[in-house]
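To start, the structure under review is shown below, and the notes come after it.
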Amino acid sequence: MNEGIEEFSQEFLFEIETAVKKEEPVSIITYVLSSNGESKLKHLIHTVLAKYGREDLIELLFTSAKELIVNATKAAIKRVLFRELGLDINDSTQYDQGMTSFKENLVSRKFPYYRRKMKENGLFVKVTLSFNKDRIILLVQNNFNLASREEKRIREKFIHSKEFDNLFEYYMKYGDTTEGAGMGITMVEILVAQSGYDRHLFTIYSRRSENRTVARVEIPLAEDYMPRRHRYQKWLQEKSRSFIE
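Sequential numbering of the sequence shown, starting at 0, is according to numbering that gives the first Met the number 0.
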């Protein structure tokens, strides 16, 4: 479904109710998230969590979703601007040149323009909520791969954020203005940790063969549920042990 309707329609409410009842994944396509889009997102998350009696997770999932959507939207706007300037986002020198213009142009009054340009360039942000009684998975996706400089910066943010338990301490030490302070990624990781979950349940990666970048947050609901990352780690350990034997 596309974000942008000014009020909840009966069709929207019925689609959400039906999907949640059947435990079918729900996706929302957005460009620049509006207040109405935020309301739809919050309604979806609340409906899912209410099904499992886990409304206590609303702040974690809703805030994480908003922060990751902002990050994904900025990444898409960056590509619009680089194309307009005729710059190669994967060239280090041109990347620095483009980022100077990016910081100057990333202002809210230009968002209607960028929403239109994103559509013209076939760029969008896809938010998906997948859920059952055992876990909830939040996916925020761009339909392009990360540039090498973006990957490096994200890795640095993950490394640095692990040193801190709150955002204020992180910002005082690592806040900068090269591409914003990276607070979205940091906020999500700290929220996950403060909610009592493994920080590694939040990941960002590119699927180069599929030309997409994914921010993924997996939240266990059942005590005996083993998240995908933990299953993979267990598989590696068993494989290593089997090889040694």
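Idealized CB from N, CA, C, for every residue including glycine.
Computed from a predicted model, the values in this text were never measured in an experiment.
Asked, Found
"Cα separation between T177 and L80?", "Low confidence applies here, because T177 scores a pLDDT of 46, under 50, leaving its location unreliable; read the following figure in that light. Looking at the two C-alpha atoms, the distance is approximately 16 Å."
"Bridge partners for N141 per DSSP, in chain order?", "V124 and T212"
"Give the DSSP-derived three-state secondary structure of P111 in the structure shown.", "helix"
"Using a Cβ distance threshold of 8 Å, determine whether the segment 108 to 126 contacts the segment 29 to 39, with at least three qualifying pairs required.", "yes"
"Do N70 and I184 have their C-beta atoms closer together than 8 Å?", "yes"
"Which same chain residues end up closer than 6 Å to A74 when comparing Cβ atoms and leaving out the 5 residues on each side of it in sequence?", "N141"
"Among V47, G36 and Q9, whose alpha-carbon lies nearest the alpha-carbon of V19?", "V47"
"Beta carbon of F11, beta carbon of K39: below 8 Å?", "yes"
"If you draw a straight line from the C-alpha of F167 to the C-alpha of K161, how long is it?", "13 Å"
"At a threshold of 7 Å, does I203 count as lining the ligand HEM (C-beta to nearest heavy atom)?", "Although the ligand HEM was asked about, the structure shown includes no ligands whatsoever."
"On the DSSP letters alone, give me the boundaries of the beta strand (DSSP E) that Y196 sits inside.", "Where Y196 is concerned, there is no enclosing beta strand (DSSP E), given that its DSSP letter is neither H nor E."
"Alpha carbon to alpha carbon, how far is V25 from S8? Give it in angstroms, no decimals.", "16 Å"
"Would S63 be called buried (16 or more neighbouring beta carbons within 10 Å of its own) or exposed?", "buried"
"Residue range of the alpha helix (DSSP H) that F101 falls in?", "S91 to N104"
"Say whether the segment 129 to 143 touches the segment 210 to 229, bearing in mind that this needs 3 or more beta-carbon pairs closer than 8 Å, one atom from each stretch.", "yes"
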